[in-house]
Amino acid sequence: MTEDPFRFFRGTCHLFYEDLHKSGNIPASPECWICGDLHLENFGSYKGDNRLVYFDLTDFDEGIRAPAAWELVRMVASILIGLEKPGSTQKGTTAVAKLFLEQYSAILNNGKALYIEQLTARGITRSLLDKVSRRKQKELIGKRTITHGGKLKLRFDNIKLFPVAQTLKQELTDHLNQWIKDNKATLPHYQVSDTGFRIAGTGSIGTRRYLFLLKKANSAKYLLLDMKHATPSSLQPFAGKHQPGWNSDAERVIAIQQRMQNIPPALLCSTIFNNKSYVLKEMQPTEDKIPFTAIRDNHNETGNIIQDLALLTASAHLRSSGRQGAANADELIEFGGSRDWQKAVLEYALDYKAQVRMDHKAYVKAWNSGFFS
18 MTEDPFRFFR GTCHLFYEDL HKSGNIPASP ECWICGDLHL ENFGSYKGDN RLVYFDLTDF
78 DEGIRAPAAW ELVRMVASIL IGLEKPGSTQ KGTTAVAKLF LEQYSAILNN GKALYIEQLT
138 ARGITRSLLD KVSRRKQKEL IGKRTITHGG KLKLRFDNIK LFPVAQTLKQ ELTDHLNQWI
198 KDNKATLPHY QVSDTGFRIA GTGSIGTRRY LFLLKKANSA KYLLLDMKHA TPSSLQPFAG
258 KHQPGWNSDA ERVIAIQQRM QNIPPALLCS TIFNNKSYVL KEMQPTEDKI PFTAIRDNHN
318 ETGNIIQDLA LLTASAHLRS SGRQGAANAD ELIEFGGSRD WQKAVLEYAL DYKAQVRMDH
378 KAYVKAWNSG FFS
């Protein structure tokens with residue numbers, strides 16, 4: 018998180034909502050299902066369970082029912098921080114942020130949830146989907162594995178993938194093999210071949226997360242499976258007590274993802290290991306992100322992708338409307354049509370950008386002084 022203010026912003030979702038709660042400056046808005054940690058890097062490509070490749074919201078760890086404006090102000094702040102270039106003025110990013118809010122309102126007011134797949138995408142989003150659709154599973158397996166003793170094993174780089182102690186490895190292997198046996202229709206004839214501790218993301222670093230290499234019996238076919246500990250949403254203290262009674266946080270994450278995405282990923286399940294809930298999902302060669310740092314000088318391309326992100330955000334809110342206490346579609350349509358809340362959302366995000374820069378400087382200073390060691 019010392020890298021830059023945007024990386025710091027991505028890794029401090031909890032801090033953002035603590036500050037938001039204290040401010041009291043956010044306009045009233047309908048409650049809806051939100052991903053909770055919406056920012057530029059939490060949109061991406063993946064293959065749905067209908068085997069088509071989509072571009073959509075992709076991270077729901079912080080998902081919860083909360084005011085729509087919470088989602089919007091975090092996203093707008095991410096635009097202001099993430100698209101700003103060193104030495105540039107605030108005018109350009111402010112215009113892009115306004116474009117996001119205008120497109121979000123227009124899609125919401127129209128009342129119809131839309132989606133982006135390979136044939137309907139445009140510009141850099143279309144290029145991304147075209148590129149990832151050509152990737153093969155064996156290429157992903159090849160990058161993540163080595164051959165040792167005549168067998169395929171995970172490639173441990175001790176940076177993003179680490180070996181685990183033998184006892185834990187056996188426990189994980191036994192657990193997942195039993196889970197596969199109990200869910201034959203999900204992963205028929207697969208067995209665990211290897212496992213390791215995985216590091217990924219920014220805010221989730223330190224979370225219990227494991228990578229499994231699975232092999233299909235009597236076949237040369239392999240899969241990579243990610244198993245991530247689902248922790249409570251950092252929005253929970255501020256979102257009110259009247260949330261659904263989820264059986265686990267993994268169930269919460271998956272349920273909200275299935276509601277908000279047009280089509281969920283090909284494999285998305287939950288399990289309980291050592292009394293903790295985990296989200297299971299297949300690692301796919303089609304998973305990728307938009308390289309925003311590479312396009313921020315291209316105003317047309319930036320405008321197009323920001324409108325796409327707004328379309329997906331509004332559509333996710335509409336798609337999940339009316340579920341377990343969330344506002345219905347008519348309430349969201351009315352909210353989209355009013356638009357008098359946009360100025361307050363933008364002003365808060367602009368002020369918060371300055372706060373993030375100050376917090377980041379303080380964090381870097383503390384890091385360099387050895388505070389965290």
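Under my numbering, the first residue of the sequence shown carries the number 18, and numbering increases by one thereafter.
Beta carbons are placed, not taken as given, at the ideal position from N, Cα and C, and that holds for glycine.
On a predicted model such as this, the values are computed, not experimentally measured, just so you know.
Report all residues from its chain with a CB closer than 8 Å to the CB of residue i; omit the five preceding and five following residues, and keep chain order.
i    : result
I307 : L57, F60, G61, I141, T142, L145, I322
G28  : M18, T219, G220, I222
G320 : V113, L116
Y380 : M18, T19, F25
I43  : L37, P84, A86, W87, V90, A361, V362, Y365
What residues are listed by DSSP as bridge partners for residue i?
i    : result
F60  : L74
I289 : S294
A83  : C49
I133 : F72
I163 : K170
R215 : L178
H246 : Y295
R336 : Partner(s): none; R336 has no beta bridge.
F229 : T212, L242
Y207 : K233
D305 : S62
S282 : The question names Ser, but residue 282 in the sequence shown is Pro. According to DSSP, P282 bridges with G65.
Within its chain, find whatever has a CB closer than 7 Å to the CB of residue i; leave out the 5 residues flanking it on each side and keep chain order.
i    : result
R356 : S122
I163 : K170, R172
K370 : A94, L97, I98
Q392 : Outside the shown range of the chain, which is 18 to 390, sits residue 392, and nothing can be said about it.
L349 : P47, C49, L125, H334, L335, S338
H377 : P22, F25
G343 : In the sequence under discussion, the amino acid at residue 343 is Ala, which differs from the Gly named in the question. Same-chain partners within the cutoff: E48, C49, W50, R82, S337.
H31  : S251
Taking residue i and residue j to be in contact with their CB atoms under 8 Å, please state how far apart those CB atoms are, rounded to whole angstroms.
i    : j    : result
D76  : P282 : D76 to P282, Cβ: 12 Å. No contact.
S46  : A85  : 4 Å
S338 : A346 : 5 Å
C49  : E79  : At roughly 14 Å, the Cβ-Cβ gap does not stay under 8 Å, so C49 and E79 are not in contact.
L74  : M277 : 6 Å
R82  : L55  : Not really, about 15 Å apart at Cβ, beyond 8 Å.
E304 : Y132 : Contact doesn't hold; Cβ gap of about 17 Å is too wide.
L242 : L297 : 6 Å
Apart from the five residues on each side of it in sequence, which residues of its chain come closer than 6 Å, Cβ to Cβ, to residue i?
i    : result
R269 : W263
I197 : L204, Y207
Q275 : P281
E88  : I51, L55
When we look at the beta-carbon of residue i and count the other beta-carbons within 10 Å, is it buried (16 or more) or exposed?
i    : result
P249 : exposed
T137 : exposed
G159 : exposed
S294 : buried
G167 : exposed
G213 : buried
K360 : exposed
E156 : exposed
G353 : buried
Original post:
Touching or not, the stretch 92-108 and the stretch 20-34, by the rule of three or more beta carbon pairs under 8 Å?
Top reply: Judged by Cβ distances under 8 Å, the stretch 92-108 makes contact with the stretch 20-34, as three or more pairs qualify.
Original post:
Any contact of the stretch 230-243 with the stretch 285-294, i.e. 3+ C-beta pairs under 8 Å?
Top reply: Judged by Cβ distances under 8 Å, the stretch 230-243 makes no contact with the stretch 285-294, as fewer than three pairs qualify.
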